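Novice: Take a look at this one; I'll ask things after.
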Amino acid sequence: MVRFLLVVQRYLVCFFVGGLLVASVVMAQGTATYELTFTPTWSASTHPDGFPPNPHFSGLIGATHNDAVHFWRTGEVATEGIKQMAELGAKGALRSEINLAKGESNADFIVDASGVNSPGVRKTTFEIRPPWNFVTVTSMLAPSPDWFVGVSGLNMLDEDNNWIDTLEIDLFVYDAGTDSGSNYTSQNRPTSPREQIRRIEEAPFLVNGVVTPVGTFRIELQKVALPAAGYFGVDRTEILGANGQPVVIKGMGLGGWLLPEGYMLHISTRSQPTDGPTGIRNQMIDLIGERSTDEFFRLF
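Residue numbers for the sequence shown follow my numbering, so the first one is 12 and each next one is one higher.
Right, dumping it as structure tokens:
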């Protein structure tokens, strides 16, 4: 069962209509912290066909990201990072691919944890925030030619754009399509050209006619940090956060600005406003503080 927890932070959207400031409240999600519990169950009793010695999983590696990027998908050819992770349990190449995505503002937090024997348990935590509300995590099943487990592009927001409270995911084994070995301890047989990533639905993971998972990911919400208010800089291009450091404002067009660290003020025109109803001013003060509100009215 998947449970959902509603945790939101208000944003204030302001428009000028005929010189009158009109405000409405929309929802935002803050920065969530999740605990990821990796519980391998793969053993000689669950998967007896040719079960190898020293069963284990390599260290977890992955990232939070937006929907403009993905690091692996079934039906696609593995990147070098996925190849090295699946064949060797190596993290370096995949980490480089994640850092490249970070440099393009498509990824945010790197998920990293050490390996674990099977059966066993490994826990780690990660932070996630919009728009990087998708998570990808991988781990090599070892020994194996190029087999791995993981999730790809898992959206941690529900259909109402609230952080999901808890997810439990059965882990099935994927073939990276980079080595043609057919069993756990096959000799190295590079696949050329590389084949598509696919879920393995035959032996040794087909047990009594059923494709059997080798473990679970349990992802549980720990807390949500709601952003602190800052205030406008006089040049209208940056905002100072609660720590006094500038936070970049990303242009939205139509004279609007998006403040990714705390709140949003969207101005539809450059018309000079009246003071507006007292209630609206008080809403702004509650949201961003009196200094921010005064600066807002002074500038716009």
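Ideal placement from N, C-alpha and C gives every residue a C-beta, glycine not left out. Note that the structure is predicted; figures quoted are calculated from it, not measured.
With DSSP collapsed to three states, give me the class of E108.
Specialist: Position 97 of the sequence shown, counted from the start, is the residue given in the question as residue 108. Helix at E108.
Novice: What's the C-alpha gap between D190 and T135?
Specialist: Along the sequence shown, one-based indexing puts residue 190 at 179. Along the sequence shown, one-based indexing puts residue 135 at 124. Each residue's Cα considered, the two are about 30 Å apart.
Novice: Specify the secondary structure class of E46 as computed by DSSP and reduced to three states.
Specialist: The residue given as residue 46 occupies position 35 in the sequence shown. Reduced to three states, the DSSP call for E46 is strand.
Novice: From the DSSP output, read off the bridge partner residues of L152.
Specialist: Position 141 of the sequence shown, counted from the start, is the residue given in the question as residue 152. Looking at the DSSP output, L152 shares a beta bridge with F68.
Novice: By the DSSP assignment, the beta strand (DSSP E) with I211 in it spans what residues?
Specialist: Taking the sequence shown and counting its residues from 1, the one referred to as residue 211 is at position 200. Counting along the chain, I211 falls outside any beta strand (DSSP E), and DSSP gives it neither H nor E.
Novice: With respect to the beta strand (DSSP E) encompassing A118, which residues constitute its N-terminal and C-terminal limits?
Specialist: Numbered from its first residue, the sequence shown carries residue 118 at position 107. First-last of the beta strand (DSSP E) with A118: A118 to D123.
Novice: Taking 8 Å as the threshold, find out whether the stretch 40 to 50 comes into contact with the stretch 76 to 92 through three or more Cβ pairs.
Specialist: no
Novice: Would you call the stretch 125 to 144 and the stretch 193 to 200 touching, i.e. three or more CB-CB distances under 8 Å?
Specialist: Segments in contact, no.
Novice: Using only the alpha-carbon positions, how far apart do R210 and E301 sit?
Specialist: Against the sequence shown, residue 210 aligns to sequence position 199. Against the sequence shown, residue 301 aligns to sequence position 290. Computed Cα separation, rounded: 56 Å.
Novice: Determine the direct distance from the alpha carbon of P64 to that of F120, and round the result to whole angstroms.
Specialist: Position 109 of the sequence shown holds residue 120. Position 53 of the sequence shown holds residue 64. Approximately 34 Å between the Cα atoms of the pair.
Novice: Quick one: any contact between the stretch 74 to 82 and the stretch 152 to 159, if contact means 3 or more CB pairs under 8 Å?
Specialist: Output reads no: the stretch 152 to 159 does not touch the stretch 74 to 82.
Novice: Terminal residues of the continuous beta strand (DSSP E) containing L182?
Specialist: In the sequence shown, residue 182 corresponds to position 171, counting from 1. Start and end: I175 to L182.
Novice: Nearest to K94 by CA position, among A236, V218, Q207 and V235, is which residue?
Specialist: For the purposes of this step, residue 94 is identified with residue 83 of the sequence shown, where counting begins at 1. Nearest C-alpha to K94: Q207.
Novice: Inspect the beta-carbon positions of V127 and F137 and report whether they are closer than 7 Å.
Specialist: Position 116 of the sequence shown, counted from the first residue, corresponds to residue 127. Position 126 of the sequence shown, counted from the first residue, corresponds to residue 137. Contact flag unset, no.
Novice: On the premise that F82 lies in contact with E108, defined as a C-beta separation below 8 Å, what is that separation, rounded to the nearest angstrom?
Specialist: Here residue 108 is taken as the residue at index 97 of the sequence shown, counted from 1. Here residue 82 is taken as the residue at index 71 of the sequence shown, counted from 1. Yes, they are in contact, since the Cβ atoms of E108 and F82 sit about 6 Å apart, within 8 Å.
Novice: Rounded to whole angstroms, what's the CA-CA distance from L217 to F68? Just pull it up for me.
Specialist: By one-based count along the sequence shown, residue 217 stands at place 206. By one-based count along the sequence shown, residue 68 stands at place 57. Going by the C-alpha atoms only, they are around 19 Å apart.
Novice: Straight-line CA distance for G241 to G41?
Specialist: As a first step, residue 241 is located in the sequence shown; it is residue number 230 there, counting from the start. As a first step, residue 41 is located in the sequence shown; it is residue number 30 there, counting from the start. Here G241 scores only 45 on pLDDT, less than 50, and its place in the model should not be relied on; the value that follows carries that caveat. Their Cα atoms are separated by approximately 15 Å.
Novice: Could you check which residue in T57, D78, F49 and G92 has the C-alpha nearest to that of A214?
Specialist: Numbered from 1 along the sequence shown, position 203 holds the residue referred to as residue 214. Out of T57, D78, F49 and G92, T57 has the C-alpha closest to the C-alpha of A214.
Novice: Per DSSP, which one or two residues make a beta bridge with P59?
Specialist: Here residue 59 refers to the residue found at position 48 of the sequence shown. DSSP output for P59 lists no bridge partner at all.
Novice: Could you say if the stretch 179 to 188 and the stretch 99 to 106 meet the contact criterion of at least three C-beta pairs nearer than 8 Å?
Specialist: The stretch 179 to 188, when compared against the stretch 99 to 106, does not touch it at the 8 Å Cβ threshold.
Novice: Alpha carbon to alpha carbon, what distance is there between G61 and P142?
Specialist: Position 131 of the sequence shown, counting from 1, holds the residue named residue 142. Position 50 of the sequence shown, counting from 1, holds the residue named residue 61. Roughly 44 Å separates the two Cα atoms.
Novice: At what residues does the alpha helix (DSSP H) containing A97 begin and finish?
Specialist: On the sequence shown, position 86 is the one that residue 97 refers to. E91 to L99 is the span of the alpha helix (DSSP H), which, as asked, contains A97.
Novice: Quick check: the Cα distance between G262 and R140, rounded to an integer number of angstroms?
Specialist: The residue you call residue 262 lines up with position 251 of the sequence shown. The residue you call residue 140 lines up with position 129 of the sequence shown. Note that G262 scores 37 on pLDDT, short of 50, meaning its location in the model is unreliable; the coordinates nonetheless yield the value given after this. Those two C-alpha atoms are separated by around 19 Å.
Novice: Should L111 go down as buried or exposed, given a rule of 16 or more other Cβ atoms within 10 Å for buried?
Specialist: As a position in the sequence shown, residue 111 is number 100, starting the count at 1. Exposed, by the Cβ-count rule.
Novice: According to DSSP, is G41 helix, strand or coil?
Specialist: Reading the sequence shown from its first residue, position 30 is the one you call residue 41. In the three-state scheme derived from DSSP, where H, G and I count as helix and E and B as strand, G41 is classed as coil.
Novice: If you reduce the DSSP assignment to three classes, tell me which class K102 lands in.
Specialist: Along the sequence shown, one-based indexing puts residue 102 at 91. The answer is coil: DSSP assigns K102 none of H, G, I, E or B.
Novice: Is V352 buried or exposed, if buried means 16 or more other CB atoms sit within 10 Å of its CB?
Specialist: For the chain, the structure presents residues 12 to 311; residue 352 sits outside this window and is missing.
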